[in-house]
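In what follows, a single structure is set out as structure tokens and then discussed.
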Amino acid sequence: MQKSLKIIEWNLNCQSDKKVKIAGFIKDRIENEDIIIFTEIVKSDSVLQLMKELNEYNFYESYNTVGNQIIIATRRNIKVTRIISKIPKISIYNAPNFLHIEIMINGVKYQILGIRIRIDDGSEDDYKERRKQFEYFSNYVSDLDNVIILGDFNNSYIRGDLKASHSRTKKLYEKNNKGEPLTTRFFNYQMMKDIIGEDIKTFTPSNKKSWGIKLIDNNFDYGYIQNDHLMVSKNISVEEVEYDWDFVDKNKGKYLSMDVDKTGRIDVEKGYPDHAVLRVKLKLHLPT
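Mapped onto our numbering, the consecutive letters of the sequence shown carry residue numbers 8 to 295.
The structure is reproduced here in structure tokens:
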């Protein structure tokens, strides 16, 4: 009887490049997880090689003719009962990167969803489009039970308390300290929680960030934005949720060799992760 479910979500920074060569250390950071969700990934030759090396997993991919994909890997002993590779009736040009698989463990069905909100130029229109993508996704999820969502939501910088409501934080997203309007008033973290509703709980590690690597006094500074989150149905118990940046320290030489701008931000090469690993452990329902 399986009592818990370990999942990771990891943005591999492929940037829609079908010829990208992903970092060789990716497989070394897989730590006996039950499910792996890769975002911003493209099934290049090097990704196919990774899939061969992780031969204890079955792989499923989103439907994309262009751009980035979602790839979900499940341990071979996990029964997959359904695969939905795109949001029905929504063009892939309007939808987020998306993949939904249904699994059965201990006789209980769980809906596993990987998502990445697509981004453009950071303009007001871009953030309005991000909101539309999330609304399409939220509408799809509303008909599901036992939902487990991990992904890169591209919600930008979070203002105010993580637990606060959209109504309490709305003004924080309207203008910056100079009185200039913020594009994030059209799409942000608390707004996402409001859109998806009370039946889905959102979990975000509060002690670290998940995107943006800087070099300060020759030391790595991990993250500026919390973009990667866990969302689950309110009946699912979350035991652990954390951001893991250890892969940068273990590959320090490579990351130090990358270009750095005047603010210290590292311009991470394609195929090398620029997001933390989101590690999650969930308590499973047991038959009574």
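We treat Cβ as the ideally placed atom computed from N, Cα and C, and that holds for glycine.
Terminal residues of the continuous alpha helix (DSSP H) containing residue i?
i: residue 104; result: No alpha helix (DSSP H) holds residue 104; the beta strand (DSSP E) holding it covers 104–112.
i: residue 198; result: 196–203
i: residue 291; result: That residue, residue 291, is in no alpha helix (DSSP H); it is neither H nor E in DSSP.
i: residue 142; result: 131–148
Starting from residue i, trace the beta strand (DSSP E) in both directions and tell me its first and last residue.
i: residue 18; result: 11–18
i: residue 279; result: Residue 279 -> no beta strand (DSSP E), and no H or E assigned at all.
i: residue 221; result: 218–223
i: residue 244; result: 244–251
i: residue 226; result: 226–232
i: residue 237; result: 235–240
i: residue 29; result: Residue 29 -> no beta strand (DSSP E), and no H or E assigned at all.
In the DSSP assignment, what are the bridge partners of residue i?
i: residue 82; result: 64
i: residue 120; result: 107 and 156
i: residue 76; result: 48
Do you know how far the Cα of residue j is from the Cα of residue i?
i: residue 289; j: residue 165; result: 25 Å
i: residue 40; j: residue 27; result: 25 Å
i: residue 228; j: residue 256; result: 11 Å
i: residue 167; j: residue 73; result: 36 Å
i: residue 70; j: residue 253; result: 31 Å
i: residue 82; j: residue 91; result: 18 Å
i: residue 292; j: residue 274; result: 43 Å
i: residue 94; j: residue 122; result: 11 Å
i: residue 119; j: residue 202; result: 19 Å
i: residue 262; j: residue 19; result: 14 Å
i: residue 138; j: residue 154; result: 20 Å
What is the DSSP secondary structure of residue i, counted as helix, strand or coil?
i: residue 172; result: coil
i: residue 89; result: strand
i: residue 206; result: coil
i: residue 36; result: helix
i: residue 285; result: strand
i: residue 58; result: helix
i: residue 190; result: helix
i: residue 255; result: helix
i: residue 177; result: helix
Contact the segment 206–217 vs the segment 175–192: 3+ CB pairs below 8 Å: no
Segment contact, 8 Å Cβ cut-off, at least three pairs: the segment 19–37 with the segment 50–67: yes
Within 8 Å, do at least three Cβ pairs link the segment 263–279 to the segment 192–201? no
Contact between the segment 238–247 and the segment 276–285 is defined here as three or more beta-carbon pairs at a separation below 8 Å; is this criterion met? no
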